[in-house]
Every structure is written in structure tokens, then in C-alpha cells.
Amino acid sequence: MSRSASTSQQLLKEGEGLNPARVPYKFPPPGTNEVADEVRGRRGARGLLALDGVVADGDLGGWCTGRLHSEPLAKAWNQIGFALRDYNTIPADIRELLILRVAVLNNAAFEWIAHEPPARAAHLTTAHLLAIRHTPPFSSPSPSLPPRLAAALLFADHSTKNVQVPQEVFDALRAHLQGEGGDGDGDGEADRRMVEAVATVAGYNMVSRVLVALDVDGKAGVEVPVPV
């Protein structure tokens, strides 16, 4: 396949079928912008997402220029995405629960839709997802959530809704993360995992607020889906 044909197909994939946001999307063609290509490298076969298009910020008619109007933001956004998703030591099921719970609390349907597949890949079941979706903030979660996931849910609630996290809530999650190294007595990595858990909740609160305020893919007014 020629480069031009390949590029054309990628552009169609990246811009295809999106509902308008409050700012125009920008998808520089592959090979025309280093930062956009770095983001593509992290996204893999999916290419640039609608979220990437608004962080880049620009005019669809300017595709041929290969420029990002907010290149420093796009670069930093990609780097923190790498750190939060790909280079942390939090168990994948807890990480995805934290992200999905933030999506519920902030009614960020786009965020939920994007993260339900990796959550299922991390072995969160439909029963788990229903508990994440329906448990009222600060409430005792469904018995379908084991204690380690329930502790993560309550932590996300306090960090997102109150900012202040009670010591007992912090300690409860830390106790579960302490033994995740497999030795049962802690592996010296609990502090690192707690910093990563705090950063994950904070980071995806940032993501959800961008998604909702800019109405990415027209989903600001859409309810978070109920998993089936």
C-alpha cells in the first residue's frame, strides 16, 4: 500500500464518525508531527482518539499542515498517560477500577466507554462493573466487590469528591497494596503504589474534566453506560 493511501485510511479512522466537540478536532497526518506520532505509538492500532484531537486543538481543514496548536500540552498529556497507564505498579484491576469510578463520579461517559474493555481484560467482571457504576458515593459497596476493590472504590470517592482522604481510608487501600508483591508481608513497594494510586485518581479527574467541559464526541450530556 502506498504511503498516501495508508495515511488517508489512518485519517479516516482517526476522524471518522465523531460527534462535534466544543473546539475543533486536530489529527495531523502520520509522519507530519513528532508529538502526534508519539501519541499514536502509545495508542497502538487505535490511532489518535477524540480526546487527543481536542488536546491537540486545531482545525480539521488544517490536517495538511501537520501542526498541533497546543503541542506542549499534547506532549505532556502523552507522557503522563504513559506513566499512569503503562509504567505503574498498581494491579491492573485496581487501576481500572479507580479510573472507572472517577468516570462515574464525574459523569464522564467517554472515559467509561474507553476504559470498560481494559477493565474487563484486567478481570473485572460484569458484577464488579455494576457495583462500580451503581454504588452511591461513600457507601458500602456491593458484596460482589472483594475487600481490596472495595477499599479502592472508597478511596476514589473521597479523593474525587472531598479531595481530603481520611487516614483510615488511605490506610485501608495501602494495606491491600502492601501485599501485592506476593510475599504476604509487604514488599517495600506500598508507598510507591499509593503515590501511583493517588496520581491515577487525580490524573483521570483531569481527563474527565477535559472530556466533559469540551464535550468530546458529544458525550458530555450522556449518562455513563450500564454494563451488561
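The opening position of the sequence shown corresponds to residue -14 in the numbering used here, with each subsequent residue numbered one higher.
All C-beta atoms in this analysis are idealised placements derived from N, C-alpha and C, irrespective of residue type, glycine included.
Everything numeric in this text was worked out from a predicted model, so none of it was measured.
| Asked | Found |
| --- | --- |
| Nearest-angstrom Cβ-Cβ length linking Leu85 and Ala68, presumed shorter than 8 Å | Rounded, the Cβ-Cβ distance is 19 Å, inconsistent with contact. |
| Closest by C-alpha distance to Gly16, when choosing among Ser125, Arg7 and Val24 | Val24 |
| Cut-off 7 Å between Cβ atoms - residues of its own chain near Ile98, not counting five sequence neighbours on either side | Pro210 |
| Gly206 in three-state terms, based on DSSP | coil |
| Length of the line joining the Cα atoms of Ala112 and Ser129 | 6 Å |
| Segment limits, alpha helix (DSSP H) that includes His108 | Run containing His108: none; DSSP gives neither H nor E here. |
| Same chain, Cβ closer than 7 Å to Asn27, five either side skipped, listed in chain order | Residue identity check: residue 27 is Arg in the sequence provided, not Asn. Contacts found: Asn63, Gly66 and Phe67. |
| Span of the alpha helix (DSSP H) around Leu134 | Pro132 to Asp142 |
| Asp194 burial status per 10 Å Cβ neighbour count (16 or more: buried) | In the sequence under discussion, the amino acid at residue 194 is Arg, which differs from the Asp named in the question. With fewer than 16 Cβ atoms within 10 Å of its Cβ, Arg194 is classed as exposed. |
| Beta-carbon proximity list for Leu199, same chain, < 7 Å, skipping 5 on both sides | Ala6, Arg7, Val8 and Val39 |
| Reference Asn147, options Ile79, Val20 and Val186, closest by Cα | Val186 |
| For Asn91, the nearest candidate out of Met191, Glu1, Gly203 and Pro212 (CA to CA) | Met191 |
| Other residues of its chain near Arg177: CB distance less than 8 Å, five sequence neighbours each side excluded | Thr74 |
| Val148 in three-state terms, based on DSSP | coil |
| Start-to-end residues for the alpha helix (DSSP H) that takes in Ala198 | Ala175 to Ala198 |
| Bounding residues of the alpha helix (DSSP H) (the contiguous stretch that carries Ala88) | Ala77 to Leu90 |
| Integer Cβ distance of Leu82 from Leu109, believed to fall under 8 Å | 7 Å |
| Cβ neighbour criterion (16 or more within 10 Å) applied to Gln163 | buried |
| Extent of the continuous alpha helix (DSSP H) run through Glu23 | Glu19 to Arg28 |
| Cβ neighbour criterion (16 or more within 10 Å) applied to Asp202 | buried |
| Other residues of its chain near His161: CB distance less than 6 Å, five sequence neighbours each side excluded | Arg133 and Ala136 |
| Assumed close pair Ala141, Ser127 - CB separation to whole angstroms, cut-off 8 Å | About 15 Å separates the two Cβ atoms, so there is no contact after all. |
| Collapsed DSSP secondary structure at Pro15 in the structure displayed | coil |
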